[in-house]
Structures are given as structure tokens and as C-alpha cells.
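Keeping their order, the protein sequence lines are chains B and L.
The numbering of the first sequence is the working numbering, which starts it at 3 and goes up by one.
The numbering of the second sequence is the working numbering, which starts it at 3 and goes up by one.
Let me begin by presenting the structure, written as C-alpha cells, before commenting on it.
Protein chains: 2
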Amino acid sequence: MTTAATEKRRLILDAAVRVFARQGFHTCRVSDIADEAGVAYGLVYHYFSSKEQILDTLFLERWDVMLAAIAETDGSVLSPEAKLETIAGFIIDSYRHDPELMKVIIVEVTRAANTFGLTHLDKIRHAYAGIAAIVARAQADGAFRSEITPEFAAQAFYGSIEQVLTGWIFESVPVGEHDLERAKTMIVDTICRGLVAHTAGGRESA
Amino acid sequence: MTTAATEKRRLILDAAVRVFARQGFHTCRVSDIADEAGVAYGLVYHYFSSKEQILDTLFLERWDVMLAAIAETDGSVLSPEAKLETIAGFIIDSYRHDPELMKVIIVEVTRAANTFGLTHLDKIRHAYAGIAAIVARAQADGAFRSEITPEFAAQAFYGSIEQVLTGWIFESVPVGEHDLERAKTMIVDTICRGLVAHTAGGRESA
DNA sequence: TGCAACACTGACTGACCAGTCAATCGACCC
DNA sequence: GGGTCGATTGACTGGTCAGTCAGTGTTGCA
């Protein structure tokens, strides 16, 4: 594929993000995507085999980056709290960088588990598993208490973040830089506090 | 409307829950609902003005019960932790009692904020606001620390629960009684620990 | 017994839209 | 200057389905 062709493909993907974010996957037409991209209807099918495959592509492109980020963080030498903060930061930065794409991924894939989530369930679970692994290691080290299962901790952590993002996505007031940073702090602060072990003196380590 | 007619209406609503849970709102046909209920296609339109209105009815029936439960809890004399436990318990019991209905509400309305969530956004926000009010009062009393905004606390609390439910909904292994109770404990335990104020001796009150 | 009023039926229609395809364009090479 | 091949176009088709409606049961009341 020539460079020009690759750019056309990208053009269609970017247009799809805007259209999906604005109208939703189920309510938009393929012709809306073509119009938004400024290309002919048929060209969409030259680069993608179906409307669904466009969404799949958008999701996988981003999710794979996130899985890599989680895996890298897991393998680092940071404290468990710092690892979770890195991951929360990554997700929030993804929103900061491209809120429309995050809206599409969350609303149309992650939360729409019936339709596309089922296709990508393994990929999605992989992310929880990565977070759970961090918690499990922290428990083995004694840094986190063991009453909470790592699987639950991962769901609470990810669920909190996704809920905050969902709030932003459908809020009428725009979100400022300050909100993004504050949210990151509060997520990590709240969840980690719920997970850390008591230290000898009865104080939290956080 | 006669009693018999009311029962037919109910029959259609219950059938719709099963069909929406099995096939999803967007992928099912109105004829699927009629077939499942064992009534003629046209009868569905005798009781409901559209496919959408069936979903609206199902959502509002249940959500209003939950809003009432939250309001009642908020007005009670329980400790903040006990209040949150009551609400978590209510939601988890709703799942226990009718997992298919909860699946429909979460997957097709709450999380599908694009399509139906927008219609019901105020109703959904009302629930967060109720939880946030409990947290705000606990902060004013000094029971919860004030670094975490009540709005964020509500999102983290509700988001954790919804994520756990979503996990169950799409899990292949069925969920047992034990899982339900343990989840309730872990949610309240984790989130409250993240929210409580330090006591004078440096120990948590939870 | 008759006649409203409502419950109920299911064939039909009109709109919609994903995906196809035959035709044109244009870049690059020989 | 002609041939090849991918890029590009957009009219068209085939299937789907929400919602309509004209008609048939059924109930209960005068």
C-alpha cells in the first residue's frame, strides 16, 4: 500500500471516530463516515470489509497500546501505588489527548459488551488481569492486604476510572486540565487507601 | 384497563426483558418480543407506542425503586458506612433477584449513555447525587475526609459496583450466593477505607 | 339480544441502509 | 503511447423491520 493510500485509510478512521462519537455506532450510516472523510462511499469498503471492522480497528489500535503500557508498568520497579498511578495516568492522558476516541472505545466497545465487547472480551479481560497481577504481587509482598481479591481490586480500580470518564463524556460542561489531574490523584488515593495493608503502627503507608 | 389487560402488558414487559437480555435491544426485533410473550405482533403496539418505550418502561420501573431506596437510606440514622453498605446491598440484591433485568438496565441504558442514557441522564445523575449527598454529610460530620469530592466518591462507588456486575453479566461461570455477599463486603470495605478520615490514634474507624 | 368498547390479530408497507460492482481515474513503468 | 494495476467513484440492490391498519374476537352492560 502506498503512503498516500495509508493516509486515506487513516483519514477514514479519523472521520469514523468523529462520526461514532457524535452519532453513535448504531445510529450513524457508513455514508456519514464517507461524507465526513470527504471520500466516496465505496472507498470505505476498499479499505475496510465492514462498518464493524472500522470500529474494531479503532478499538484494537488503542487497546493494544494500553495493554502494552500495563505490561510495562507491571514489570517496572515502582511501588504498587506508583504502578496504579501510572496506569490511571495513562488512561486519563488518553482521554486528554483524544476524548472522542476514548468516548467511542468506552461507549461503543467497553461498555457495550453485548455487541462488540463479546468479540473483544478477551482483550478487555486482559487489561483487568494485568491490573490484578500488580495487586496480587503487592499482596504477596505484604504491601497490600489480602482480604480483597486482586480480581475485585482490578474491577474497582478500572470501574472507578471508567465511571469518571463516562461522567466527563456526557457532562455538558467541558473538563479542564485541573480536573484531569485531580481525578487521577483522587482515584489512586481512594483506591490505594482501600487496598494497603495496615502498617505496624496502625497508620496507612499511603 | 382491566386486570387481564394489565397482566398482558406485564407479560410483554417480562418477555422483553428476556429478549433484550439475550439478543440486545438493537439486534432484536419487535416480533421476537411478541413471539417470546406468545402474543400477536400488533398487541405490542396496543400497549406500547414503540420498541424504545418498552425499554424506557423497564428502566424507569426499576430505577425509581432504586432512587427511593437511596433517598430512604440517606434520611436514615445509619452510619455513612452502613448507608453505603445498604445501597450496595440493594443493587446487588437487584441483580440476585432478576439478573436479566439488571443486565438490560446496565448494558442497554446505564452504559449505553449515547442512545438511552441521554434520555435518562437526569434520572441516572440523580442516583449519583444521592450517593454524593451521603458522602457530603459524612464529610461535614468529620467521619469522611474532605480531600475526596463527594461527586468523585459517588462515581467511584457506583462505578465499582457496576463494573463488578458487568463482570458477572458476561462471565461464563455462574455467580453463587457467596460471590454476591463477598462482593458487597469488598466494595464497601475498599471504598469506605478510601474515604474515612484518620482517627486521632491514626487508625481507621472502619 | 344487541351494541359498544376494548383486546387482539397478523399481513402489509414504506423507509432505510449495508454492502456490491461496473465503470473511471491516474500513477508508474516499458 | 499504451498497458497494467491499484485507487476511487456512486448508483443500485436486496434484505430487514418498525410501525400501521383493517378487520376479528370478547366482554359486559342496558
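Just so it is clear, CB atoms sit at the ideal spot from N, CA and C, and this is done for glycine as well.
Note that this is a predicted model, so its numbers are computed, not measured.
Separation of residue 60 of chain L from residue 107 of chain L, as counted between CA atoms:
8 Å
What does the alpha-carbon distance come out to for the pair residue 8 of chain B and residue 35 of chain B?
17 Å
Given a limit of 9 Å on CB to CB distance, which residues of the stretch 169 to 203 of chain L reach chain B?
Shown in chain order are the members of the stretch 169 to 203 of chain L whose Cβ falls below 9 Å from a Cβ of chain B: 169, 171, 172, 184, 185, 187, 188, 189, 191, 192, 193, 194, 195, 196, 197, 198, 200, 203.
Residue 52 of chain L classed as buried or exposed, judged by whether at least 16 other C-beta atoms fall within 10 angstroms
Exposed, since its Cβ has fewer than 16 Cβ neighbours within 10 Å.
Indicate whether at least one CB of chain B lies closer than 8 Å to the CB of residue 207 of chain L.
Legend: pLDDT at residue 207 of chain L = 39, less than 50; position of this residue unreliable, value from coordinates given subsequently. Judged by the 8 Å Cβ criterion, residue 207 of chain L is not in contact with chain B.
Out of L:48, L:37, L:168, which one is the CA nearest neighbour of residue 94 of chain L?
L:168
How far does the alpha helix (DSSP H) with residue 89 of chain L in it reach, from first residue to last?
Unbroken alpha helix (DSSP H) run through residue 89 of chain L: 82 to 99.
Which chain L residues are close to residue 166 of chain B, counting only those with a beta carbon under 9 Å from its beta carbon?
Those are 154, 157, 158, 161, listed as they occur along chain L.
Can you pull out the residues from the stretch 121 to 145 of chain B whose beta carbon lies closer than 7 Å to at least one beta carbon of chain L?
123
Counting C-beta neighbours from all protein chains within 10 Å, is the total for residue 165 of chain L 16 or more, i.e. buried, or is it exposed?
So residue 165 of chain L ends up on the buried side.
Tell me whether residue 146 of chain L sits in a helix, a strand or coil according to DSSP, three-state version.
Residue 146 of chain L falls in the strand class under three-state DSSP.
Over the uninterrupted alpha helix (DSSP H) stretch that includes residue 36 of chain B, give me the two end residues.
32 to 39
So, at 7 Å on beta carbons, what are the nonlocal neighbours of residue 73 of chain B in its own chain, with the 5 sequence-adjacent residues on each side left out?
132
Outcome for residue 5 of chain B when other beta-carbon atoms lying within 10 angstroms are tallied against a minimum of 16
exposed
Let me know if residue 194 of chain B comes out buried or exposed under the rule of 16 or more other beta-carbons within 10 Å of its beta-carbon.
buried
Give me, in chain order, the residues of the same chain whose beta-carbon lies closer than 6 Å to that of residue 87 of chain L; leave out the 5 immediate sequence neighbours on both sides.
190
Residue 90 of chain B versus B:186, B:28, B:137, residue with shortest Cα-Cα distance
B:186
Here's a check: name, in chain order, each residue in its chain whose Cβ is nearer than 6 Å to the Cβ of residue 118 of chain L, leaving out the five neighbours to either side.
Cβ neighbours of residue 118 of chain L beyond the five flanking positions: 111.
Would residue 33 of chain L be called buried (16 or more neighbouring beta carbons within 10 Å of its own) or exposed?
exposed
Suppose the cutoff is 8 Å on Cβ atoms and the five residues either side in sequence are ignored; what does the same chain contact list for residue 128 of chain B look like?
69
Is there a Cβ of chain L sitting closer than 8 Å to that of residue 14 of chain B, yes or no?
no
By how many angstroms is the C-alpha of residue 75 of chain B removed from the C-alpha of residue 84 of chain B?
9 Å
Grouping DSSP H, G and I as helix and E and B as strand, with all else coil, what is residue 198 of chain L?
strand
When you compare each of L:96, L:176, L:196, L:192 to residue 151 of chain B by their alpha carbons, which one comes out closest?
L:192
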